[in-house]
Amino acid sequence: MKISLELKGLLEDPESVKLLTTTDKDGVPHTVLKGSLAALDEDFLAYVELFEGSRSQKNMLHNLWFKKLVTIAVCKGGLAYQIKGEPYRFIIEGALRDSFFKEVWKRMPEANPSGVWLIRPKEVIDESYETQLKKEQDRINYSIWFQYLGRP
Amino acid sequence: MEYKFLESKRKEEFDIVCQKHPNAPRSFLLKTDLLRRGLAPTEPAMKRLQDPYYEHCPEVLFQWHHADRTTDYKVPGPFCFNDGTCVWFILSPPPYDPYTLDLINDEFWILSDGEPLEEVHFFKKPEYYDKMTTSGVPMQKVANLGGPDMFYFCQSRHCHSWSEGLQCKFCDMDYNAKHQMKMGRGFKIRITPDEIYETTCEALKEKGRWRFMFLTGGADPREKFERELEINISLIKAITKAGKEILGVDRLPLNIIMTPLEEEQNRRLFDAGISGLGNYIEVWDKEKWKLTCPGKEKNIGYDKWIEKTLKAVDIFGKGNVVCGFVPGIEMAPPPYGFTDIDEAVNSSLTGYDFLLKNGVIPVGSNWSVMPGTEFFKMGATPPPLEFYAKLDIGRYELMKKHEIGILAHQWYYKHQPLAGHVDWLRLL
């Protein structure tokens, strides 16, 4: 599954809202904001994990070990995507770790991040209002049966 | 049925242990088995590893390999899996039925009977590695990469117990020193304060990389360890001075592994800049300890060893004193070890529980049967993988029980490629 240019741009936009949902060993979801989330290239998403002991970190490890997908939601204005992906690698050393950490330290010099997660998208769902609307409108006789009557 | 390592099949044994412990992350068990069975790299993998981008192990302290390394190829020290689990690179001869390191699509992978198990990543060489001290010593011989964000110093590659034939039965320290000299791999037995100061300065210039460092080396019991302590304090002061000059900090995250000392001596270590202390008892069972560590028995004694280790908590604080073991030697050939897995595991867990109750963290590096050691000469082989699975899970349960996982972070998964217990801390 490739990451489109539009999605890449949305992830790079500092005004975008970016959420990550992981699950624990009992399947309980856990959602957090991940400002550092970015598209590394066409194939991988990446974000910095700030804490070794965070629930997200534990869930990500669990999801990696037991091959469970995680979900990322990103939106700004009318644009919105949901990405189902598999945790692929936790980077603890090397150039990529250094470049992500550098960005974190610009904003949070006191931080001691634990590493950089790579996520490989398996499915990208366009959740934009326009796209969803079009899907609805494509249903047979939408204009007859799906209109709220007397809308203001 | 008696376990015979040399007759056991790698894949079969690994699969059985994975099935028995479905909640254990497979990467933890694989790491343990890699340390036990070792690696046999293919020619293309070894050629690729010669790239100067990678760190190559300076081979000080211990050899770790299960056979003498006599090849010209340089070998790395630590590497990691995709989940960040760090493993030490241990070479093994064919009877160990080692795992294969090969390239798949130009990436490094661990394979078992041709089946790719884990993609692995080798670390970049620290920037100070190729620099020299003014005395002409390569800095990599002074400070060695021990993990992605950790380096360590081996201040003395000679343990005085070897002079009397009283070295610990699993230890290859002096043998390794001689072996490396024979192989013409630049070697130095002791390092000086100037060398350690210059090297630390250079290392710390790689800002944002390091989180932890430690000192270790051979023991010198003369004058109640006062000579060794004085030398160590001069080295610690040199390291601390480098931290002050390069980073502007008064203390570095510095640990030392030493023989247990008197309270006043520990205070001097702390004042010089040590924040974490390691007193490595190696094995818990008293009678087996006497047999396995005759030098320690002669110079300190079992009861004193424990008493002093516990007392050190008063100086360094709860969780900052660790007691090291060599997991695996509980199953060394009798009378040094037990033959029954549960008996061996329970013996150590009793010790871990006692230590944790007293604010001391049980740590250590898994046993590697190395050439030059007494156990190697006896024909010893590693214990079953099941032993390690039970021991590490048992220790994890104890850490949970005592709720002090967070305090043990001086030895965390990024700092200990030679044991599995650190990885379990990630689940706490």
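Quick mapping for you: the protein sequence lines, in order, are chains L and H.
Position 7, counted from 1, in the first sequence is what my numbering calls -12; the numbers after and before it change by one each time, with no gaps.
Position 330, counted from 1, in the second sequence is what my numbering calls 314; the numbers after and before it change by one each time, with no gaps.
Each residue gets a CB set at the ideal place from its N, CA and C atoms; glycine is no exception.
Exercise. Could you tell me which uninterrupted beta strand (DSSP E) segments, each at least 3 residues in length, are contained entirely in the segment 16 to 44 of chain H, listed from first to last along the chain?
Key: Note on the segment 16 to 44 of chain H: whole beta strand (DSSP E) runs with a minimum of 3 residues are 23 to 25, in chain order.
Quiz item: Whose CA, out of H:372, H:68, H:246 and H:106, lies closest to the CA of residue 34 of chain H?
Solution: In the second sequence, residue 34 of chain H corresponds to position 50, counting from 1. Ranking the options by Cα distance to residue 34 of chain H, first place goes to H:106.
Quiz prompt | chain H contact residues for residue 69 of chain L, given Cβ-Cβ distances below 8 Å | solution = Here residue 69 of chain L refers to the residue found at position 88 when the first sequence is read from its first residue. Simply 66.
Self-check item: Cross-chain neighbours of residue 96 of chain L in chain H, by beta carbon under 7 Å
Solution: Translated into positions along the first sequence, residue 96 of chain L becomes position 115. Correct list: 68.
Quiz item: Using the beta-carbon of each residue, which ones in chain L are nearer than 7 Å to residue 410 of chain H?
Solution: Working through the second sequence from its first residue, we reach residue 410 of chain H at position 426. The answer, in chain order, is 42.
Practice problem: Please classify residue 125 of chain L: is it buried, with 16 or more other beta-carbons within 10 angstroms of its beta-carbon, or exposed? | Solution: Within the first sequence, residue 125 of chain L is the residue found at index 144, counting from 1. Here residue 125 of chain L is exposed: its Cβ has fewer than 16 other Cβ atoms, across all protein chains shown, within 10 Å.
Practice problem: Examine chain L for any beta-carbon lying closer than 8 Å to the beta-carbon of residue 107 of chain H, and answer yes or no. | Solution: The residue given as residue 107 of chain H occupies position 123 in the second sequence. Interface residue (Cβ-Cβ distance to chain L less than 8 Å): residue 107 of chain H is classified as such.
Self-check item: Cβ-based burial, residue 47 of chain L [other Cβ within 10 Å; buried from 16]
Solution: Here residue 47 of chain L refers to the residue found at position 66 when the first sequence is read from its first residue. Counting Cβ neighbours within 10 Å, residue 47 of chain L comes out exposed, since fewer than 16 surround it.
Quiz item: What are the residues of the segment 46 to 77 of chain L that lie near chain H, defined by any Cβ-Cβ distance shorter than 9 Å?
Solution: Within the segment 46 to 77 of chain L, 46, 47, 68, 69, 70, 71, 72, 73, 74, 75 and 76 place their CB atoms closer than 9 Å to a CB of chain H, listed in sequence order.
Exercise. Check the Cβ of residue 192 of chain H against every Cβ in chain L and list those closer than 9 Å, keeping chain order.
Key: To locate residue 192 of chain H, count along the second sequence from 1; it is residue 208. Those are 79, 82, 83 and 86, listed as they occur along chain L.
Quiz item: Going by the beta-carbon positions, is the gap between residue 112 of chain H and residue 183 of chain H smaller than 8 Å?
Solution: Against the second sequence, residue 112 of chain H aligns to sequence position 128. Against the second sequence, residue 183 of chain H aligns to sequence position 199. In this structure, residue 112 of chain H sits near residue 183 of chain H, with a CB-CB distance shorter than 8 Å.
Quiz item: Counting Cβ pairs closer than 8 Å, one from the segment 98 to 115 of chain L and one from the segment 139 to 157 of chain H, do we hit at least three?
Solution: Contact between the segment 98 to 115 of chain L and the segment 139 to 157 of chain H is absent: fewer than 3 CB-CB pairs across the two stretches fall below 8 Å.
Quiz item: Rounded to whole angstroms, how far is the Cβ of residue 321 of chain H from the Cβ of residue 272 of chain H, which I believe are closer than 8 Å?
Solution: Here residue 321 of chain H corresponds to residue number 337 of the second sequence, with the count starting at 1. Here residue 272 of chain H corresponds to residue number 288 of the second sequence, with the count starting at 1. Taking 8 Å as the upper bound for CB-CB distance, residue 321 of chain H and residue 272 of chain H are in contact here, some 7 Å apart.
Quiz item: In or out: residue 80 of chain H buried (at least 16 other Cβ within 10 Å) or exposed?
Solution: Position 96 of the second sequence holds residue 80 of chain H. Within 10 angstroms of the beta-carbon of residue 80 of chain H lie 16 or more other beta-carbons, which makes it buried.
Quiz item: Is the shortest distance between the beta-carbon of residue 39 of chain L and the beta-carbons of chain H less than 8 Å?
Solution: As a working note, residue 39 of chain L is residue 58 in the first sequence. Closer than 8 Å: yes.
Quiz item: For residue 52 of chain H, which residues of its own chain have a beta-carbon under 7 Å away from its beta-carbon, when the five flanking residues on both sides are left out?
Solution: Here residue 52 of chain H is taken as the residue at index 68 of the second sequence, counted from 1. Excluding sequence positions up to five before and after residue 52 of chain H, its CB lies within less than 7 Å of the CB of 163 and 355, all in the same chain and listed in chain order.
Exercise. Could you tell me how far apart the beta carbons of residue 254 of chain H and residue 290 of chain H are, in whole angstroms, since I believe they sit closer than 8 Å?
Key: In the second sequence, counting from the first residue as 1, residue 254 of chain H sits at position 270. In the second sequence, counting from the first residue as 1, residue 290 of chain H sits at position 306. Not confirmed; about 20 Å, so no contact.
Practice problem: May I ask whether a heavy atom of the ligand MN can be found less than 7 Å away from the beta carbon of residue 77 of chain H? | Solution: The ligand MN is absent from the structure shown, which contains no ligands of any kind.
Quiz item: Is residue 184 of chain H helix, strand or coil when you go by DSSP?
Solution: By one-based count along the second sequence, residue 184 of chain H stands at place 200. Helix.
Quiz item: Between which two residues does the beta strand (DSSP E) carrying residue 134 of chain H extend?
Solution: Taking the second sequence and counting its residues from 1, one reaches residue 134 of chain H at position 150. Per DSSP, residue 134 of chain H belongs to the beta strand (DSSP E) from 134 to 140.
Self-check item: Cβ pair count under 8 Å reaching 3, the segment 63 to 70 of chain L against the segment 38 to 55 of chain L
Solution: As far as the Cβ criterion goes, the segment 63 to 70 of chain L touches the segment 38 to 55 of chain L, which means the pair count is three or higher.
Quiz item: Per DSSP, what kind of secondary structure is residue 405 of chain H in: helix, strand or coil?
Solution: For the purposes of this step, residue 405 of chain H is taken as residue 421 along the second sequence, with counting starting at 1. It is helical.
Quiz item: Can you check whether the CB of residue 235 of chain H is closer than 8 Å to the CB of residue 218 of chain H?
Solution: To locate residue 218 of chain H, count along the second sequence from 1; it is residue 234. To locate residue 235 of chain H, count along the second sequence from 1; it is residue 251. Result no, Cβ atoms of residue 218 of chain H and residue 235 of chain H do not sit closer than 8 Å.
Practice problem: Using a Cβ cut-off of 8 Å (strictly closer), state whether residue 10 of chain H contacts chain L. | Solution: Reading the second sequence from its first residue, position 26 is the one you call residue 10 of chain H. True, the Cβ-Cβ gap to chain L drops below 8 Å.
Self-check item: Classification of residue 172 of chain H by the beta-carbon crowding that lies within 10 angstroms, buried from 16 upward
Solution: As a first step, residue 172 of chain H is located in the second sequence; it is residue number 188 there, counting from the start. Note on residue 172 of chain H: 16 or more other CB atoms within 10 angstroms of its CB, so buried under the neighbour-count rule.
Quiz prompt | Within 8 Å, strictly: CB atoms of residue 292 of chain H and residue 150 of chain H | solution = Residue numbering aside, residue 292 of chain H sits at position 308 when the second sequence is read from its first letter. Residue numbering aside, residue 150 of chain H sits at position 166 when the second sequence is read from its first letter. Their beta carbons are not under 8 Å apart, which means residue 292 of chain H does not touch residue 150 of chain H by this criterion.
Quiz item: When the distance is taken between beta carbons, is residue 105 of chain L closer than 8 Å to residue 17 of chain L?
Solution: Indexing the first sequence from 1 puts residue 17 of chain L at position 36. Indexing the first sequence from 1 puts residue 105 of chain L at position 124. No.
Quiz item: Exposed or buried, residue 220 of chain H, counting other C-beta atoms within 10 Å across all chains shown (16 or more means buried)?
Solution: As a position in the second sequence, residue 220 of chain H is number 236, starting the count at 1. Flag for residue 220 of chain H reads buried.
Quiz item: So what does DSSP say about residue 370 of chain H, is it helix, strand or coil?
Solution: Residue numbering aside, residue 370 of chain H sits at position 386 when the second sequence is read from its first letter. Note: residue 370 of chain H maps to helix in three-state DSSP.
Quiz item: How would you list, in chain order, the residues of chain L whose beta-carbon sits under 7 Å from the beta-carbon of residue 132 of chain H?
Solution: On the second sequence, position 148 is the one that residue 132 of chain H refers to. Neighbours of residue 132 of chain H on chain L, chain order: 73 and 74.
Quiz item: If you follow the beta strand (DSSP E) that residue 198 of chain H is part of, which residue opens it and which one closes it?
Solution: Here residue 198 of chain H refers to the residue found at position 214 when the second sequence is read from its first residue. Element bounds for residue 198 of chain H: 196 to 201.
Exercise. Return no unless some Cβ of chain L is closer than 8 Å to the Cβ of residue 189 of chain H.
Key: Here residue 189 of chain H corresponds to residue number 205 of the second sequence, with the count starting at 1. Output row for residue 189 of chain H: interface = no.
Exercise. Give, in chain order, every unbroken run of the beta strand (DSSP E) that is at least 3 residues long and sits entirely within the segment -7 to 25 of chain L.
Key: Segments of the beta strand (DSSP E) lying fully in the segment -7 to 25 of chain L: -2 to 4 and 10 to 14.
Self-check item: Straight-line gap, residue -3 of chain L to residue 100 of chain L (C-alpha atoms, nearest Å)
Solution: Against the first sequence, residue -3 of chain L aligns to sequence position 16. Against the first sequence, residue 100 of chain L aligns to sequence position 119. Cα to Cα, the separation comes out at about 19 Å.
Quiz item: Rounded to a whole number of angstroms, what is the C-alpha to C-alpha distance between residue 123 of chain H and residue 116 of chain H?
Solution: Translated into positions along the second sequence, residue 123 of chain H becomes position 139. Translated into positions along the second sequence, residue 116 of chain H becomes position 132. Each residue's alpha carbon lies about 5 Å from the other.
Quiz prompt | One or two residues paired with residue 174 of chain H in a DSSP bridge | solution = The sequence position of residue 174 of chain H within the second sequence is 190, counting from 1. Per DSSP, H:140.
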